[in-house]
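Oh and the sequence shown: position 179 is 179 in UniProt numbering, straight run, nothing missing. Idealized CB from N, CA, C, for every residue including glycine. All values derive from a computational prediction rather than experimental measurement. Here's the structure, in C-alpha cells; my notes come after.
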Amino acid sequence: MKTIVVINDASPEAAHAAKLALNIAQKVNADLLIANIFKENAPVKAMEYVLVAVNADDGVKFKSKPKSRPCLLSKLVLLNSQNKSVFKPRISDFNAAGFSENDMAAFVIKNNIWMMVKGMHENVELMGETRQINIHCVLNRVMCPLLLVPGKYQVKDLERIVYMADLRYCQLPVVKCLASIARPYNAKLQIAHISARGLPDMEKNYAMRFFSEAIGSVVNYDQLFFNNIKERDIQKVVDVMINGLNTDLLVLINHQFHFEQIIGRHITNQLPAYVTVPLLIFPG
C-alpha cells in the first residue's frame, strides 16, 4: 500500500496542501500520514489590524500569542468521509515535533513513503515562530518525490501534468510513476522537452521518433504526449504551461537541468511568484 506523508507545521498552507494530498490519495489508493512538526502551545505569529494615522504605516501589525492548533487529522477524516469515490484512505498522524531532517529522512525510508507533501508559504513574516524543517535536506536523502503546494492554488482533480526535461535525459521510471498518477484522473501527461544549457536543440522529427521509441512504446498510457519547446526563457515557458495550457502539476528532477533555473539552488519555504501550481520534484 502506498503512503503519502504531509508535513504539518499547523499553518493554513499545510492544511491546504493536505487537501490536495487527500485528493491524490483517494485517486491512487494511498494511505495518508500527517507528520506534526509543531510544538503544542508554542506562540504563533498572527496578523493584527490596528487603526493608524494618515500617512502612517499600513496598519498591519504582527503579534505573537499562544494559539490552539487546529486538528488537521479530524478535518481530513471528515473530508474523507464525504468522498463519494470507492477508495477511502486510512488517515493517521504522529508527533514529529522533535524530528531533525535526518530523523525525517530515516522515517521516510524506513516506512517506504511514496510521496512527501509540503505547503508553501505566501508570507514569510508569518513564519517567524512556526517551526520549519529543511525539506530539501530531506529530499536529498530519500527516494520518493516531494510535492510543493502553493497556498493560493485551487485544489481540484488533476487534468494536465507536465514533466519538464531534456528528452535525452528523460527518466523512464519518473514517466511511469507520473502515468500511475495521471491514469485514475484520466489526465493528460505531457513531456515538455527543453534542451539543457549547452546542448543543441533536437530536430523535430528526430525528437518525435526518439520519444515514440524510448518512452511512448514503453509507457502504456494513451494520454501521454510530447512537446518540443524551442523557447529558452524558462519563466516564459512556465507561464505558457500554467496560463496557456492550464497545467495543474509541473514536474522537475532535483538538482537537474531546469530545476535550478526555476527553483534556484535550494528549496526554500516559498516558490517563485510565477509558479502558481504545485511542483512535484523527484530525487536526482
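Separation of PRO89 and GLN223 (C-alpha to C-alpha, rounded to the nearest whole angstrom) is 26 Å. Between ASP166 and LEU189, the C-beta spacing is not below 8 Å. About 6 Å separates the beta carbon of LEU22 from that of ASN80, a gap short enough to meet the 8 Å contact definition. Out of VAL275, ALA10, LYS2 and MET1, the CA that lies nearest to the CA of VAL149 is found in VAL275.
Around the beta carbon of HIS266, a 10 Å sphere encloses fewer than 16 other beta carbons of the protein chains shown; the residue is thus reported as exposed. ASN254 sits close to PRO283, with the two beta carbons spaced by under 8 Å. Look at the beta carbons and you see the segment 215-230 touching the segment 182-197: at least three pairs across the two are nearer than 8 Å.
A contact between stretches requires three or more CB pairs, one per stretch, nearer than 8 Å, and the segment 26-37 meets this requirement with the segment 89-104. Here the alpha carbon of LEU178 sits roughly 15 Å from the alpha carbon of ASP157.
The alpha-carbon separation between LEU139 and VAL218 amounts to approximately 28 Å.
Taking the Cα positions, PHE259 is about 10 Å away from LEU279.
Its chain contains ASN29, ALA30 and ASP31 as the residues whose beta carbon lies nearer than 8 Å to that of MET1, once the 5 sequence neighbours on both sides are disregarded; these appear in chain order. The segment 158-192 is shown to contain whole alpha helix (DSSP H) runs of 4 or more residues at 172-185, in chain order. For a cut-off of 8 Å, the C-beta gap from ILE133 to ILE7 is around 7 Å, short enough to register as a contact. Sorting GLY216, VAL174 and ARG168 by C-alpha distance to the C-alpha of ASP201 places ARG168 at the top. For the pair LEU78 and ALA18, the CB atoms are not nearer than the 8 Å cut-off.
Of LEU250, ALA35, MET104 and PRO173, the smallest CA-CA separation from ARG141 is found for MET104. Counting along the chain, the unbroken beta strand (DSSP E) around ASN228 starts and ends at 224-229.
Secondary structure at ASP233: coil, using DSSP grouped into helix, strand and coil. Counting along the chain, the unbroken beta strand (DSSP E) around LYS118 starts and ends at 115-120. Of ILE4, TYR153 and ILE215, the smallest CA-CA separation from GLU13 is found for TYR153. Unbroken beta strand (DSSP E) stretches of 3 residues or longer found wholly inside the segment 5-42: 30-36, given in chain order.
The beta carbon of ALA182 is closer than 6 Å to those of ILE161 and LEU189 in its chain, skipping five residues each way along the sequence.
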